[in-house]
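The numbering of the sequence shown is our numbering, which starts it at 1 and goes up by one. To keep things clear, I will list the structure first and then write my remarks on it.
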Amino acid sequence: MSDINQLLRNLPKVDRVLDELKRTLSETIPLAIVKSAVQQCIEDKRKMILSGQLSSLPQGQDEWNSLFIKAITRKNSLNYKRVINGTGVVIHTNLGRSLLGPESINALQVAGGCYTNLEFDLLTGKRGSRYSLVEGIICDLTGAEAAIVVNNNAAAVLLALNTLSFNTETIVSRGQLVEIGGSFRIPDVMSRSGAKMVEVGATNRTHIHDYENAITEDTTLLLKVHTSNFRVIGFTSEVPVVDMVAIGKRHGVPVMEDLGSGSLIDLSPWGLPKEPTVQEIVQDGADVVTFSGDKLLGGPQAGILVGKKKIIDRIKKNPMNRALRIDKFTLAALETVLRNYYDLDMAITNVPTLNMLTADAKTIKKKGQAILRRLGGASKNKKIIELQQTVSKVGGGAMPEYGLPSWALVLHPGSCNAATLEKQLRSRDIPIIGRIEDEKMILDLRTIQQGDIPVLVAMLKSFSLECSN
Ligand SMILES: *Cc1c(COP(=O)(O)O)cnc(C)c1O
């Protein structure tokens, strides 16, 4: 006990530390940040002493000061920052999903730094609707009669269900009651929307007559959900949306499909799985289709609803819409991304997500060779940095686990272990995020951007030194 008291007595006093630090620290750091970081530092030590996790304190002023300065620097730097994605997962939800190209970045600057016609009709000089800025483009691209955009696809699903099935029945297949991740679960969203869920079929098989038999006077929606990151294989059967539309028509019940990823392009010519495009589902007659802005579409976070004018008009009038509405930045970025889709080549070239997904292994390998060349004389690194084949993942939405042949820089941890190396890379000013395989660090070049290369080269040049301890 006396040891503990002794340690507690030896903790520095905040005021004295602040006086001392004032002499060494830059004046541009707000005093409130310095004070709070120092207090936190001392408080952490106090807690560790009290819980018996600490038996000695930093020795001398210098050791304390370096501890404080580290804490102050961390507190004074941005929490939300750029990282380098070396995971090879293109649509990486934890790393911000889709990247935007230069035109979209420019549009974001304009939306933020200038007044805009967000809700002002320049033709009439009267109040306008923010949705009208993209509705026409979305209709052109998808063939739908009408469209509206909201905060994300989860919001789109909630809004559609709430509009079309509040206190009434929605029929959905048991095989589609999925959890997408980030706590988006179809049954939970349905219940929050006010829709009464009527499950039909079995986990692996649902048939046309299952829907038909479940329709009552209380049914106002037939729902189909893309199972995204979940797959039932083997003895399975799903009812295509076109058949659901036929049943819906017979009974006067609208049909909705939550497509999740919602690609506007068939990516199978580039070796990706054939996924139904939004246009196809619209063509099949779905009354409303919902999809994400930042998955395969490669835009900003958004939820897009397209469909029959009568239905979309009802959704537009739902007061909940105001709470889920899209903001001006998203709208600015979304319009620029969508415009690329008027031309297939433009989309593949200008939308970073599509560009990365369609990049062939040869091109990716060249990126790696160029990096190794830039390391030049750093031949001492040869044994520990190699260019090897790997497999990237699509990520997010429709085909998360789908593998794409790729190339990676493989870093051998030498005397460290891979976990330590991973932590070192993650702790850098610009963190480098990779994955560990066979006790080696893999940096998949598919998701490494041109602008990342100088940062990566600088890290690799010092790499052998870094890991020598
Ligand atoms: C991803 C996904 C959602 C949620 O979309 P967010 O844009 O992330 O909100 C909903 N439904 C399906 C089928 C999905 O794949």
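Beta carbons: idealized from backbone N, C-alpha and C, even for Gly. These numbers come from a predicted model, not from an experiment.
- Around the beta carbon of residue 399, 16 or more other beta carbons sit within 10 angstroms, so the residue counts as buried.
- Distances from the CA of residue 169 to each of 191, 258 and 185 were compared; the closest alpha carbon is that of 191.
- Proximity of the beta carbon of residue 180 to ligand 1 is indicated: a heavy atom of the ligand is located closer than 7 Å.
- In the structure shown, the three-state DSSP call for residue 388 is strand.
- In this structure, residue 296 sits away from residue 402, with a CB-CB distance that is not shorter than 8 Å.
- Per DSSP, the unbroken beta strand (DSSP E) holding residue 258 starts and ends at 255-260.
- Burial check for residue 135: the Cβ neighbour count within 10 Å reaches 16 or more, so the residue is buried.
- Relative to ligand 1, the beta carbon of residue 150 is positioned no closer than 7 Å to any heavy atom.
- Remark: the C-beta of residue 226 is in contact range of ligand 1, defined as less than 7 Å to any heavy atom.
- For residue 62, the enclosing alpha helix (DSSP H) starts and ends at 60-76.
- The alpha carbon of residue 459 has as its nearest neighbour, out of 47, 430, 367 and 415, the alpha carbon of 430.
- Per DSSP, the continuous beta strand (DSSP E) segment holding residue 436 begins and ends at 435-437.
- Per DSSP, the continuous beta strand (DSSP E) segment holding residue 146 begins and ends at 146-150.
- Per the Cβ contact rule, the region 181-188 is not in contact with the region 211-222 (fewer than 3 Cβ pairs under 8 Å).
- Residue environment for residue 311: buried (at least 16 other C-beta atoms within 10 angstroms of its C-beta).
- Going by beta carbons, residue 414 and residue 384 fall inside the 8 Å limit.
- DSSP, reduced to helix, strand and coil, places residue 406 within a strand of the structure shown.
- Sorting 151, 143 and 236 by C-alpha distance to the C-alpha of residue 323 places 151 at the top.
- Not one heavy atom of ligand 1 sits closer than 7 Å to the Cβ of residue 327.
- CA-to-CA, the gap between residue 226 and residue 277 works out to about 12 Å.
- In terms of side-chain proximity, the C-beta atom of residue 261 is found nearer than 7 Å to a non-hydrogen atom of ligand 1.
- Close CB contacts of residue 338 within its chain, under the 6 Å cut and outside five residues either way in sequence, are with 137 (chain order).
- Each of 448, 309 and 456 was checked against the Cα of residue 99, and the nearest Cα belongs to 448.
- Using a 10 angstroms sphere on the CB of residue 123, the tally of other CB atoms stays under 16, which defines it as exposed.
- Under the three-state reduction of DSSP, residue 85 is assigned to strand.
- When beta bridges are read from the DSSP output, residue 196 appears opposite 169.
- Inter-residue distance for residue 67 and residue 41 is about 8 Å (C-alpha atoms, whole angstroms).
- Residue 22 and residue 189 have their C-alpha atoms some 53 Å from each other.
- Residue pairing by DSSP puts residue 291 in a beta bridge opposite 260 and 304.
- When secondary structure is reduced to three states using DSSP, residue 237 falls in the strand class.
- When rounded, the separation of the alpha-carbon atoms in residue 70 and residue 79 is 15 Å.
- In the three-state reduction of the DSSP assignment, residue 422 falls in the helix class.
- Relative to the non-hydrogen atoms of ligand 1, the Cβ of residue 157 comes within a distance shorter than 7 Å of at least one.
- The region 284-293 and the region 152-161 touch, with no fewer than 3 CB-CB distances between them shorter than 8 Å.
- Residues 98, 100, 104, 293, 294, 329, 330, 333, 334 and 337 of the same chain have their beta carbon placed closer than 8 Å to that of residue 300, with the five preceding and five following residues left out of the count.
- For residue 270, same chain residues with a beta-carbon under 6 Å away, outside a window of 5 residues either side, are 358 in chain order.
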